[in-house]
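Below: one structure, written as structure tokens.
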């Protein structure tokens with residue numbers, strides 16, 4: 001358990017944690033709120049949009065009995081500026097953030113100064129804030145009010161480092177590159193990644209950029225650099241996962257806290273897990289897994305964000321069916337961008353299960369799961385790594401492209417299938433991850449990585465020590481803010 005000397009504890013310390021308004025960012029930052037509030041020396045408010053707060057309360061928090069035992073953790077919300085009937089589509093994140101910035105700043109400012117109190121509350125105003133790195137304008141507003149702010153990045157350290165190095169790649173002439181360029185050519189100007197980073201592993205906006213002043217390139221460069229204006233940078237990773245990259249980031253952000261994987265840290269500290277789903281989890285998936293043999297099931301999920309074309313969906317379907325292996329596939333209602341996800345299930349009922357959403361951490365820890373076909377979102381990557389499950393990676397966008405390279409080339413706990421969506425390749429990759437010597441080697445390395453992660457988040461591990469340092473610094477910053 002985290003420990004802080006009694007003389008340093010001030011009950012007046014009130015931390016506000018504020019994620020961007022999409023599933024993956026909430027899922028990454030809520031465990032941090034849980035871990036910090038568990039100690040007892042810090043009051044933590046977790047801030048959401050009104051819309052997401054209602055969904056989270058309905059689908060997740062009501063199922064998590066541990067929250068009733070956390071008197072120092074509470075949930076607040078502010079409007080996002082959108083009408084109730086307006087879809088909040090995660091792949092339109094830029095539009096959501098713009099609306100949030102335009103319509104929510106006054107509510108945010110009022111909440112900071114009041115502490116979000118009702119008449120009967122005894123919580124004092126906010127003394128420190130941790131804000132999603134995509135919302136630096138809220139961080140700037142807090143600091144303008146004299147409230148110290150820390151930036152949280154939900155992406156991998158490797159992805160963040162690439163965003164930070166976009167100006168260097170441009171200066172070196174490696175960005176932009178022609179549309180017909182060899183995507184397997186290595187990038188040489190990104191320190192600590194020269195040996196494995198290729199053009200095809202860069203975030204997709206790097207491929208699309210036709211000129212150095214491309215707006216999307218500049219946007220993500222600014223997102224990455226905005227953390228320099230904060231009191232510290234928090235990343236959901238650890239030395240066991242990305243030590244060389246963390247060393248590079250610390251050269252720009254001396255006050256960096258690598259505290260991940262946060263879901264594993266919470267389990268180590270509190271002996272409980274946490275769900276932060278904005279979708280209804282179909283727990284019957286676990287009952288189905290209970291009836292399957294050991295390591296016999298391929299788990300398939302492309303997260304809350306990725307969308308497939310009808311053709312891509314069918315290529316995955318036929319590849320999975322042709323592999324002959326059992327599979328559990330999360331097919332969200334909006335997974336197929338245009339068309340429907342209708343398939344012929346006749347004769348497949350015994351070895352195939354489709355669900356709209358699943359309790360992923362529990363699925364990945366289940367004895368029946370043999371590998372994970374994933375979009376390589378950072379949360380999913382961390383959850384699979386911590387569970388010791390090999391991955392077959394089909395990244396969709398953004399940071400996912402470098403995450404899949406980490407899995408396949410650096411950690412060697414999975415296979416990287418980016419840029420290919422053919423049933424023959426899907427079948428081949430599934431067989432390679434589930435059968436024979438290659439599968440045994442992937443499982444061995446995945447198990448070793450899970451053990452390393454366990455050490456990292458356990459007593460005396462680097463992630464645990466960094467989380468304790470983070471708590472001490474939050475209390476110190478809060479004390480200074482209160483003076």
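Numbering (UniProt numbering), first residue to last: 1 to 483. We put the beta carbon where it would ideally sit given N, CA and C, even for glycine.
Residue(s) in a DSSP beta bridge with residue i
i: residue 263; result: For residue 263, which the question treats as bridged, DSSP gives no partner whatsoever.
i: residue 329; result: 300, 354
i: residue 393; result: 374, 416
i: residue 128; result: 15
i: residue 308; result: 336
i: residue 152; result: 132, 234
i: residue 186; result: 198
Status (buried if at least 16 other CB within 10 Å, exposed otherwise) for residue i
i: residue 222; result: exposed
i: residue 53; result: buried
i: residue 416; result: buried
i: residue 449; result: buried
i: residue 420; result: exposed
i: residue 284; result: exposed
i: residue 141; result: buried
i: residue 294; result: exposed
i: residue 451; result: exposed
i: residue 367; result: exposed
i: residue 383; result: buried
i: residue 434; result: buried
Sequence-distant residues of the same chain with beta carbon closer than 6 angstroms to residue i, five excluded per side
i: residue 46; result: 17, 33, 75
i: residue 31; result: 262, 263, 266, 274
i: residue 184; result: 198
i: residue 381; result: 403
i: residue 219; result: none
i: residue 455; result: 461
i: residue 174; result: 187, 189
i: residue 100; result: 80
i: residue 268; result: 457, 458
i: residue 250; result: 256
i: residue 396; result: 306, 375
i: residue 316; result: 426
i: residue 287; result: none
Three-state secondary structure (DSSP) of residue i
i: residue 239; result: helix
i: residue 484; result: Nothing in the structure corresponds to residue 484, since the chain is present only between 1 and 483.
i: residue 49; result: strand
i: residue 75; result: strand
i: residue 381; result: helix
i: residue 234; result: strand
i: residue 98; result: helix
i: residue 366; result: coil
i: residue 43; result: strand
i: residue 527; result: The structure shown has nothing for residue 527, since the chain only spans 1 to 483.
i: residue 196; result: coil
i: residue 256; result: strand
i: residue 421; result: coil
i: residue 344; result: coil
i: residue 214; result: coil
i: residue 282; result: coil
i: residue 173; result: coil
i: residue 106; result: helix
i: residue 10; result: In this prediction, residue 10 scores a pLDDT of 44, lower than 50, which makes its location untrustworthy; no coordinate-derived value is stated.
i: residue 453; result: helix
i: residue 485; result: Outside the shown range of the chain, which is 1 to 483, sits residue 485, and nothing can be said about it.
i: residue 82; result: coil
i: residue 223; result: helix
i: residue 398; result: coil
i: residue 349; result: coil
i: residue 207; result: helix
i: residue 21; result: coil
i: residue 33; result: helix
i: residue 317; result: helix
i: residue 251; result: helix
Chain-order list of residues whose beta-carbon lies under 7 angstroms from that of residue i (same chain, five-residue window excluded)
i: residue 477; result: 128, 148, 231
i: residue 119; result: Note that residue 119 scores 47 on pLDDT, short of 50, meaning its location in the model is unreliable; the coordinates nonetheless yield the value given after this. Nothing meets the Cβ criterion.
i: residue 196; result: 405, 409, 410
Sequence-distant residues of its chain with Cβ nearer than 8 angstroms to residue i (five each side left out)
i: residue 335; result: 302, 306, 307, 308, 313, 341
i: residue 145; result: 109, 112, 113
i: residue 253; result: 227, 228, 232, 233
i: residue 365; result: 387
i: residue 216; result: 205, 208, 209
i: residue 247; result: 192
i: residue 484; result: This structure gives no information on residue 484, because the portion of the chain shown stretches from 1 to 483.
i: residue 469; result: 257
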